[in-house]
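Residues 1 to 771, numbered by the working numbering, are exactly what the sequence shown covers, in order. First comes the structure, then the notes that go with it.
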Amino acid sequence: MITKRKPAFTKTAIMSAISMVTATGVMAESALVLEEIIITAQKREQNLQGVPVSVSAISGDQILESGIKDLTALSSYVPNLKISEGPAENGVYIRGLGSGENQGFEQSVGMFVDGVYAGKARQFQAPFLDVGSVEVLRGPQGTLYGKNTIAGSITITSARPTDTLEASILTEYEFEEGSQTTEAVLSGPLAENLTGRIALRHSETDGFIDNTLQNDEEMNSNVQTGRVSLLWTPLNKLDVFFKYENGETETAGKNNRVIDATAAQMVAYTFFDPDFDIDEYQRSTSDAETMKIDSESFTLNVTYDFGSHELTSNLAYSTFEANDIFDTDFSPADVISVALNQEYQQISQELRLTSALGEKFDYIAGFYYQKSEFNTDRLLGVGTSTAALARNPVLAGLGYTGTSAGTTGFNSQFFQDSETYAIFGSLSWHQTEDITWTLGLRYSSENKEANRSLLVSEYLGTSAQTNPAAILDMNILGIYTHSVSGEHTDKNVSPSLKLQYDVSGNVMLYASLSKAFKSGGYSEPGLTGDDDGEYSPAGTPTTFSFDQEEALAFELGGKTTLLNGSAVLNFALFNTEYDDLQVSTYDGLSFVVGNAAKAISRGVEVDGMVRLSESLTMSGSMAYLDARYDEFPDTNCTYEQLLLSPVGCTQDLGGETLANAPKWTVNMAIEHVTPLSSNLELMSRIDVNYTDDQYLASDLDERSLQVDFTLVNARLALSNAEGSWEVALLGKNLTGEEYFTMAGDSGFQDGAFFAFSGAPRTLAIQLKLAI
């Protein structure tokens, strides 16, 4: 079990603080009215308080002030959202539901960048650059956003070109890790009816974990991102927006480490690295791990307004290449090494017709097309370490001696072609001035063709292994030469029905019922094919294909404006039932894919903001979540269960909680602006983020239980009244909490367990200059 000290900041204290948002004793004046927040959650610009969806909106200014650099940092500020780093890609979860680790998966949480769907988890890992806003929609969003939004969606909108000249440069230096970031933005008119914007970002960091065998601080990174955008308005009714973005990310090392091991493994680890220890912010790996991601994207958005309707076309192309080297045993022993190369490209086109608001009926109708290709080349090498023999005493009885270690491995290649068509529409009927019914419908058809081949090869090589003893050794480990292919088509209808009741100008209640789906597909990793008769009893087939999953969701919520506009308080109660939930479980050899029978996610979310004075604002959110498997028989056993039943062990997780689903998450922020003179002001902000107990491994191994923790962040900024300069001090995790974000079994070493560490305390200084 991952043990942590209990925070002094209790749930009761946090909930009491959040309740201050509703304090009725505050004297509100018109000068204290909160700014209206405009979102595009329903594919049109609307006031957040009038949209019948559970949504969190974060502005670009708030992202800067809170020091949110990427999506993983964003999850601390949004109720029921968790984004964490995994061995090969990020895991994204909303209300306890996500896809887990498998390169063949699309995410259950759809990400959209400037209206373009990003289908792979690697597209989640780019840092924020010149962001205009981020919207997080919780719950299934199948009608307007489409497939693979079965848990929710994240929409990122980049800042647009401006009519007037704007220029800024922001530089940041972090003292603890030695990280440096510089971001520059230039925007303004280029010609008549043409404006442009260019944004550049460069960052370097030395990392926060000491790798004692590699003698390096990890993970250290070097990231460059650039974006050029143009906005052409040849007519008052016509907008043409073009964007090109390019990113390069290189990292060395990881932020994971061994947190548990058997006595024999501990002896082996200290033999290979005398400095090895299970200690916070210390790791030891036999491989020098690296990651490199190159990505680029083109977006062309054309909008024509012809009075009563608006026609929108969004054409986009995106691609990325990723190359990784993993030490998949996470230890100083030379057991298993993996090199993974990925290539992905996607083209998409959306056409959308939107009617004007204000009539008896308003509607949105559209067509969507997407085509993508995905290739991986996975190379594995079995190391020379005798620690490999310690992974299972059964191997010795089978005659495995490890004589071919250091020369053997496998080469696995995976290819998937996917093509999607969809038509969708949403019709709102304003029955009265106060009551609105909205019916939505989306029909989707997706076809996937995939194949995976594996050959027993030389160590980290592509040539077939010819040594019979080496091939036998791999077969005993359950790795067989094979080739498997398939074709899969999903057709789905996703309806939704919403009732919105405007009780008054300040209170809106809503109820919604919706269905959504996540398409089936094929598992990229796998050590065997699908044919039972092809293998000896030591090697069992792994599932290549998995079926689509479906969700039926009910939500009841409300949005209220209080205290003459100086406060807002919103809430949502939800219940979502998932059938054939796609689950990826790491068993120490590979990620095993299956469809869990049923899961249920239910709970409540509350968020609010109050302006207590012209200089003091409080905001907060709180979520309670009960997410569990309703039925999930015959899933993988934990290590302790395997010790009791080593042959044919399975467990039934029916009735158990989902991983990555803390019961309580709470965020509270206080912001104060103090005028120091007629030309100087001091802004201070403190954020407190609480996360309850949660399991980090899908098999619910007790060692993956992360107990509750609280993160405290703060920012102190001095600026002039014109906003032309600002100096700020930014602190993250000020109390120095040690916590973990993902955990699992170490590769080929039964009993060893690893976890990814969250960042420790950091302290940075920021300088911003603008015109």
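Idealized CB from N, CA, C, for every residue including glycine. Owing to the predicted nature of the structure, the values given are computational and were not obtained by experimental measurement.
Review point. Beta strand (DSSP E) containing Phe544: first to last residue?
Key: From DSSP, Phe544 is part of no beta strand (DSSP E); its letter is neither H nor E.
Practice item. Indicate whether Val610 and Leu563 have their beta-carbon atoms separated by less than 8 Å. Key: yes
Review point. From the beta carbon of Val51, is the nearest beta carbon of chain C less than 8 Å away?
Key: Any reference to chain C falls outside this structure, which holds one protein chain only.
Check your understanding: What first and last residue would you give for the beta strand (DSSP E) that runs through Gln749?
Key -> It is not in any beta strand (DSSP E) - Gln749 carries neither H nor E in the DSSP assignment.
Point to revise | Same chain, Cβ closer than 7 Å to Ile471, neighbours up to 5 away in sequence not counted | key: Val456 and Gln465
Exercise for review: Would you identify the three-state DSSP class for Gln265, choosing helix, strand or coil?
Suggested key: helix
Practice item. Go through its chain and collect everything with a Cβ distance to Ile39's Cβ below 7 Å, but skip five positions before and after it. Key: Gln46, Leu48, Val51, Val55, Ala57 and Glu135
Review point. By DSSP, does Asn314 sit in helix, in strand, or in coil?
Key: strand
Review point. What is the DSSP secondary structure of Val394, counted as helix, strand or coil?
Key: Low per-residue confidence applies at Val394: pLDDT is 40, beneath 50, and the placement is therefore not dependable, though the value from the model is reported in the following sentence. It is helical.
Exercise for review: Might you give, ordered along the chain, the residues of its own chain that have their beta carbon closer than 6 Å to the beta carbon of Leu767, omitting 5 neighbours on each side?
Suggested key: Thr171 and Val727
Point to revise | Beta-carbon gap between Asn411 and Thr376 smaller than 8 Å | key: no
Practice item. Run through the region 285-372 for me and flag every whole beta strand (DSSP E) of 3 or more residues, listed as ranges in chain order. Key: 290-305, 309-327 and 336-355
Practice item. Kindly indicate which residue of Ala697, Gln694 and Ile670 has the alpha-carbon position closest to the one of Ser684. Key: Ile670
Review point. What separation, rounded to the nearest whole angstrom, lies between the Cα atoms of Ser221 and Val258?
Key: 22 Å
Check your understanding: Where does Asn733 fall in DSSP's three states?
Key -> coil
Exercise for review: On the DSSP bridge assignment, give the partners of Asn554 in chain order.
Suggested key: It is Phe, not Asn, that sits at residue 554 in the sequence shown. Phe554 pairs with Leu513 and Asn575.
Practice item. Spatial neighbours of Asp502 within its chain, please: CB distance less than 7 Å, with the 5 preceding and 5 following residues excluded, ordered by chain position. Key: Asp434 and Met508
Check your understanding: Taking the continuous alpha helix (DSSP H) assigned at Tyr281, which residues delimit it?
Key -> No alpha helix (DSSP H) holds Tyr281; DSSP gives it neither H nor E.
Point to revise | Neighbourhood of Gly96 by C-beta distance below 7 Å, restricted to the same chain and skipping five residues each side | key: Ser601, Leu625, Ala627, Leu658, Asn660 and Ala661
**Study point:** Continuous alpha helix (DSSP H) assignments of at least 4 residues falling wholly in the region 69-135
**Key:** 71-74
Point to revise | Reduced DSSP secondary structure (H/G/I, E/B, other) of Asp490 | key: strand
Point to revise | C-alpha distance - Ala263 paired with Asp275, whole-angstrom precision | key: 16 Å
Practice item. Within 10 angstroms of the Cβ of Asn314, are there 16 or more other Cβ atoms? Answer buried if so, exposed if not. Key: buried
Practice item. Might you give, ordered along the chain, the residues of its own chain that have their beta carbon closer than 6 Å to the beta carbon of Phe754, omitting 5 neighbours on each side? Key: Asn256, Val258, Phe330 and Ser746
Exercise for review: Decide if Tyr244 is buried, meaning its Cβ has at least 16 other Cβ atoms within 10 Å, or exposed.
Suggested key: exposed
Check your understanding: Out of curiosity, what's the CA-to-CA distance linking Ala268 and Ala333?
Key -> 7 Å
Review point. If you scan the region 638-707 from start to end, which runs of the beta strand (DSSP E) of 3 or more residues do you find wholly inside it?
Key: 664-675 and 680-691
Check your understanding: Distance, Cα to Cα, Val382 vs Tyr629?
Key -> 36 Å
**Study point:** Rounded straight-line distance, which links the Cα of Pro525 to that of Ser483
**Key:** 12 Å
**Study point:** For Phe748, the nearest candidate out of Asp547, Gly478, Gly486 and Thr576 (CA to CA)
**Key:** Gly478
**Study point:** Given Tyr93 as reference, the closest of Arg761, Thr561, Pro79 and Asn341 once Cα atoms are compared
**Key:** Pro79
Point to revise | the region 152-166 touching the region 433-448, judged by at least three CB pairs closer than 8 Å | key: no
Review point. How would you label Leu643, buried or exposed, when you count the other beta carbons within 10 angstroms and need 16 or more for buried?
Key: exposed
Check your understanding: Would Lys518 be called buried (16 or more neighbouring beta carbons within 10 Å of its own) or exposed?
Key -> buried
Point to revise | Exposure label - Val568; buried when at least 16 CB within 10 Å | key: buried
Practice item. Going by CA-CA distance only, name the one from Lys43, Glu350, Val53 and Ala551 that's closest to Phe367. Key: Glu350
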